[in-house]
Structure formats: structure tokens, C-alpha cells
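The listed protein sequences derive, respectively, from chains A and B. For the first sequence, position 7 (counting from the first letter as 1) is numbered 7 according to UniProt numbering, and the numbering increases by one without interruption. For the second sequence, position 45 (counting from the first letter as 1) is numbered 45 according to UniProt numbering, and the numbering increases by one without interruption.
Number of protein chains: 2
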Amino acid sequence: MGSSSRYGPRERMVFSAAQLIRREGVAATGLRQVVAHAEAPRGSLQHYFPGGKEQLVNEAVAWAARYAARRVERFVAAMGGSPTPGGLFAAMVRQWTDELESDGTLAGCPVAAATVDCASADSTRAAVAAAFAEWTRPLTVALTDMGVPEPRAPSLATLMLSTLEGAILISRAENSPRALLTAATELAPLLDAATGTQWASGPSRLPPDSADQ
Amino acid sequence: MGSSSRYGPRERMVFSAAQLIRREGVAATGLRQVVAHAEAPRGSLQHYFPGGKEQLVNEAVAWAARYAARRVERFVAAMGGSPTPGGLFAAMVRQWTDELESDGTLAGCPVAAATVDCASADSTRAAVAAAFAEWTRPLTVALTDMGVPEPRAPSLATLMLSTLEGAILISRAENSPRALLTAATELAPLLDAATGTQWASGPSRLPPDSADQ
DNA sequence: CGTCCCCTATGACGCGCGTCATAATAGCGG
DNA sequence: CCGCTATTATGACGCGCGTCATAGGGGACG
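In C-alpha cells, the structure reads:
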């Protein structure tokens, strides 16, 4: 489509790899399949990714990390006036529940897929670790800006990521937003309670009616 | 281990499948490899698992779920005197940090691996969903027994599982217990705060007007 | 002793994979 | 127009996979 004009074959292949990996896993994603999905010439694989599949996977993971990090920054920017940690987490969760609702199914996170399928490949494991670090960075910054004390912010960022990844997994298995919604509902108070003394307790403006079960 | 005398080939294959799957993923685990690891006769595969690899994977997932559920019950029983939700979660986390410390590496959860690799196979997705349900059940019971109000217990159980699964993933990627320890540290207070006292207005839903795109 | 039936053995089949070798083509500065 | 490099085309190779077909053993029981 239009993407083939804006982006070169190389980028399209990385993008397609990430998409296919998150749907089917790394091992189940063939290189020929990536080429087809990207509408890229097969010869370009060898040319742009002399490191073979491993290189392509690593770059797909890195791409996903950049995407996720930017997404976090955009969430924060879009929250405007009075951003809260719980609100940020809810926005992150909503990205996934929205996908489930519109697509009828939930594809996973490519970083998680690479972790599960390639944990024994050192280079990919390193790429995945770097991805989580890159994803955590803007989260930590955002939490700090929202008033979370310095030593606590990185921990909460990691907690947010852990809970999100796990909830994605469970929601995917159940083909239901339940786990994601529950995660957001239950974690938000804790996150908001960690901000400075100002608006410590009391999600005042949030609508009622819990989402679980 | 003298497992080959205590258990029959069938059980050994299911057990081995779970072990290999959690290390390498479903797709990367070959049936011949399972047979070798289980020291089982190859012909038994066809005989005991006429449904092929899919059946074996599903049974491995079910086996893992039973194991995890029993483990939770044992944790609760072993906590004796004054069990707390945070303590239970810490015990669950410790199971994984211990493995990382003793083995030097962290294999994943077979249920998570099956989710990532087989989400498009309906029967396996169902098996995985059932696994999470079976895992959640004793957790919910334990939380209720510890004084978590009825409506909240299932939600917290799901939150615990989500956070645990995600933290396993990140710890595996980083080859470090950091994420697991952080999850335990940060989540325990929230879990313990839920005993006895009911939240005044109940947990709140996702905020309106969020920040996506 | 024969005869089931459960279990096991073994080899082949077809497929798709990742990778490589080898060219053909295109675009562009000289 | 000439080369040179970047890019693409194409086909083959070997491998391991999941699956199947077919047959061999080996107790239990009549």
C-alpha cells in the first residue's frame, strides 16, 4: 500500500517481522513469510540482513521498543493537565483492549514473543533486555515528573511493565480484556498513591462501576 | 532422577514436554527431542498422543497448571500462622528467583510459552485459558481466607498472576532477579492493604478521555 | 498352544525452513 | 558510454520437522 512508497524494503521487513512475530511467535514466522508480508524482494533479505534471521528478529525487537517508548511519551503528552501514574497505566492498557475489541483477537507483544522463543540466543536476549530498558526509560521519567519520588520511580515503571506484559498474556489466552482491565483497575490506586503528598489518595474524577469479572 | 521407574512413558513425555517448552518454546521443541528427554520409546508417541503434537502440548500445559495450583496450596499451607497476600506472592516469586540463582538462568513458564506460540490454535488457547483459571482458583481461595473481601479476591488473584508472568518474562530477558524482586516488593503492600478493609468506593475504572493517539 | 490386545520399532514421506551461490539489473558518477 | 556499486532474482541444498504405514514383540487369558 502506501507504506511501500514511504518506507524502503528494509524498514518494511523489520516492521512486518515485528507484526508477524507478535502474532505467531518467532519460530513460527518464516523469512519468506516476512518478505511476502512486506511486499519486499526476497533478495533484499540477504542484502540487508546478512546476519540472517537472528539479525532481523533483533531489529524487529528494537523497532518495537522504540515504538513503545514513543507511545509512552505520547500518552504523557496527551494527558495534558493533571497526569497521574494510574492514568498513564490505564492509557497503556487501553491500547491493548482497543486492539482486542477492534480486531476481535489480541496479538501479543513482539518483545515477549522474542523472549519466550529466543531466550537461549544470547544476542536476541540482549536485544530484548535492551528493549525493556528503552521502554522503561520514558516511563520512569514520566513517573518522576508526576511526583513519584526518585528511588521509587524505576521500580514502579518495572512493575507497570511486568503487570502489563502478564495481563496481555492472560487476556490473549482468554481472548477477553478481563485481565487487562483488572490490572488497570487494581494497579492504578497503588500507582497514584506513590505520587507526592499532594493528591495522594482519592481518585476523585474517575467513574464508578468496576470492570472485573 | 529415577523418574523412569516411578512414572510411565506417557507421563514422562508430558513432563518432558513441559520442561522443554518452557525453555525453548513450543515451536522449537521437537517431538523427537521430547522422546529423547523422556527416555521414552518413540512409538509411544503415536500410541498415547494420537492427536499429535497439539495434544501433547495441551496436556503439558494442563500438567503445568495442576503443578502451579498445587504449589500455591503448598505455599499457603507452609505459611502457617499468619499468612498474608503479600507473603504468598513473595513465596511465588521466590520460586523463580531461586531457580534463577541455582541454575544461573531462568526458564520461562510453559503456559506463557504456549500462549505466545499457539495463540492461533484454538484448542491450545483454550487449554492455556483453562490453565490460568486453574492457577487462579487456589489463589482466590487463599486470598479470601486471608480476609480479602469476596468481590476483590478474584481481581487480586488475576493481578498477582499478571504481574508474576510479566516479571518472569523481564527477569528472563535481563537474566536477573531484578524485575521479580521489584514486583514482590511493590505489590506486597497493595495486596496486604486489601485484607479486611474494603475500599470505600471500590476500585475505579479506566479514566475517561484518555490519551491514546 | 493360540490369540488377542496393548505397546513398541522403524523407516519413509512431504514439507517448509534458513542459508548459500550465482547472476542479472539498475542507478549514477566519471 | 563505461564501469562500479547497490540492489534484486532465482534456484538449489541440506536439514529437521510432524505424520503416517506397517510390522514386530509380549504378556494375559482362554
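The beta carbon of each residue, even a glycine, is placed where N, CA and C say it ideally should be.
- Short of 6 Å from the beta carbon of Glu134/B, and not among the five residues preceding or following it, lie these beta carbons of its own chain, in chain order: Ala65, Ala69.
- With contacts defined as CB atoms closer than 7 Å, Leu106/A and Ser171/A qualify as a contacting pair.
- Residue state for Arg152/A is assigned as coil, using DSSP reduced to three classes.
- Contact with chain B is absent for Leu139/A, since none of that chain's Cβ atoms lies less than 7 Å from the residue's Cβ.
- For the region 159-173 of chain A, the set of positions with a beta-carbon nearer than 7 Å to some beta-carbon of chain B reads Leu159, Leu161, Ser162, Thr163, Leu164, Glu165, Gly166, Ala167, Leu169, Ile170, Arg172, Ala173 in chain order.
- Separation of Ser16/B and Leu31/B (C-alpha to C-alpha, rounded to the nearest whole angstrom) is 10 Å.
- Boundaries of the alpha helix (DSSP H) harbouring Gly87/A: 85-103, taken from the DSSP string.
- For the region 176-197 of chain A, the residues whose beta carbon sits under 8 Å from a beta carbon of chain B are, in order, Arg178, Ala179, Leu181, Thr182, Ala183, Ala184, Thr185, Glu186, Leu187, Ala188, Pro189, Leu190.
- The alpha carbon of Trp63/B has as its nearest neighbour, out of Gln19/B, Ala91/B, Pro83/B, Glu174/B, the alpha carbon of Gln19/B.
- Excluding sequence positions up to five before and after Ala179/A, its CB lies within less than 6 Å of the CB of Ala167, Ile170, Ser171, all in the same chain and listed in chain order.
- A Cβ of chain B is located within less than 7 Å of the beta carbon of Gly25/A.
- The Cβ of Ala119/A sits closer than 7 Å to at least one Cβ of chain B.
- Out of Ala113/B, Leu191/B, Glu165/B, the CA that lies nearest to the CA of Glu186/A is found in Leu191/B.
- Note on geometry: alpha-carbon atoms of Ala193/A and Ala131/B lie some 33 Å from one another.
- Against chain A, the beta carbon of Ala90/B has no neighbour under 8 Å; the closest one sits roughly 14 Å away.
- Taking the C-beta atoms as reference points, Ala27/A is found no nearer than 7 Å to Asp122/A.
- Here Leu180/B carries a helix assignment [DSSP, helix/strand/coil].
- Between Pro177/B and Leu100/B, the C-beta spacing is below 7 Å.
- Note on geometry: alpha-carbon atoms of Thr182/A and Gly87/A lie some 14 Å from one another.
- Sorting Met146/A, Pro138/A, Glu165/A, Thr124/A by C-alpha distance to the C-alpha of Glu54/A places Thr124/A at the top.
- Across the structure, Leu156/B and Pro41/B are spaced so that their CA atoms are roughly 44 Å apart.
- Going by C-alpha positions, Met146/B is about 7 Å away from Pro83/B.
- Within chain A, the residues whose beta carbon sits less than 9 Å from that of Gly108/B are Thr115, Val116, Ala119, listed in sequence order.
- At least one CB atom of chain B sits nearer than 7 Å to the CB of Ser155/A.
- With contacts defined by Cβ atoms closer than 7 Å, Ile21/A and Ala119/A do not form a contacting pair.
- Under the DSSP assignment, Met79/B falls in the alpha helix (DSSP H) whose first and last residues are 52-79.
- Interface annotation, Ala129/B: in contact with chain A, CB-CB separation under 7 Å.
- Inter-residue distance for His37/B and Met13/B is about 8 Å (C-alpha atoms, whole angstroms).
- In the structure shown, Leu106/B adopts coil according to DSSP, grouped into three states.
- Nothing from the region 52-73 of chain A brings a Cβ to less than 7 Å from some Cβ of chain B.
- Between Ala142/B and the set Asp103/B, Thr158/B, Glu174/B, the nearest pair of CA atoms involves Thr158/B.
- About 4 Å separates the CB atoms of Val128/B and Ala173/A; that is less than 8 Å, so the two are in contact.
- At a cut-off of 7 Å, the C-beta of Ala40/A has no neighbouring C-beta in chain B.
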